[in-house]
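Numbering (this note's numbering), first residue to last: 722 to 951.
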Ligand code: DC
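So this is what it looks like as structure tokens:
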């Protein structure tokens, strides 16, 4: 069977990780959530006091980048790989609105990106990988056999993220979540280093009005057509 790389990019909360996990499971591929890696570095920066409401000590964070090891370990019960920072599971800690509020600033730092992109490319050396993020089809795996670009309206995405956070017991308002979604859309697509944009050959999927089943079967058809190409 042909081995391929699947790159899934798009704005926040477009359902990239949900479908990426489904496709990876179906194919027996590795799934990597590259956003979790940027969130892990952000969590590190927050816990060391390099970033807070008052400011961001960029040089301080850069000087400590070599002390950060981000890794993934597959959790059989959950059916996906959880993220670890220096050997400690931080899967829950990185999903808060507080981390979401700082992550675009941290991920705009070129030194942070260089370090994480290098690790991501290493993870994909053997192909058979589904990775989602913002620059996967444009920078990390420009030769990926299948590139998808997921979109949905900001309001639809904010509602999805709000429901997720509420279900976890977080006390957040829909307005704050929408503000975060819109701010990150702006910062992620206007930053200098590796901004989010749709690669020419990427296939755009607007899932605003798609059920999860519809989304999965639409994408699986695309995957199969690439797998069946000579
Ligand atoms: O996918 P996510 O919302 O968990 O990603 C969190 C942030 O990380 C996102 O706002 C921008 C950044 N990111 C990035 O710059 N490049 C990636 N490949 C993935 C995420």
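For glycine and all other residues, C-beta sits at the position ideal for the given N, C-alpha and C.
Terminal residues of the continuous beta strand (DSSP E) containing residue i?
| i | result |
| --- | --- |
| residue 851 | 850-854 |
| residue 763 | First-last for residue 763: 755-768, but that is the alpha helix (DSSP H), not the beta strand (DSSP E). |
| residue 739 | Counting along the chain, residue 739 falls outside any beta strand (DSSP E), though it belongs to the alpha helix (DSSP H) covering 737-748. |
| residue 868 | 867-872 |
| residue 796 | 791-796 |
| residue 857 | Neither: residue 857 is in no beta strand (DSSP E) and is coded neither H nor E. |
Assuming contact is defined by CB atoms lying nearer than 8 Å, are residue i and residue j in contact in what I supplied?
| i | j | result |
| --- | --- | --- |
| residue 914 | residue 829 | yes |
| residue 818 | residue 901 | yes |
| residue 725 | residue 860 | no |
| residue 802 | residue 813 | no |
| residue 791 | residue 806 | yes |
| residue 744 | residue 940 | yes |
| residue 804 | residue 757 | yes |
| residue 873 | residue 927 | yes |
| residue 789 | residue 762 | yes |
| residue 753 | residue 844 | yes |
| residue 760 | residue 815 | yes |
| residue 851 | residue 727 | yes |
Could you give the DSSP three-state label for residue i: helix, strand or coil?
| i | result |
| --- | --- |
| residue 833 | helix |
| residue 938 | helix |
| residue 722 | coil |
| residue 883 | helix |
| residue 917 | coil |
| residue 806 | strand |
| residue 776 | strand |
| residue 815 | helix |
| residue 875 | helix |
| residue 951 | coil |
On the DSSP letters alone, give me the boundaries of the alpha helix (DSSP H) that residue i sits inside.
| i | result |
| --- | --- |
| residue 898 | 895-911 |
| residue 823 | 818-827 |
What do you reckon, is the C-beta of residue i under 7 Å from a heavy atom of ligand 2?
| i | result |
| --- | --- |
| residue 918 | You won't find ligand 2 in this model; what it holds is ligand 1. |
Assess contact between the segment 727-746 and the segment 850-859, defined as three or more Cβ pairs (one per stretch) separated by less than 8 Å. Is contact present?
yes
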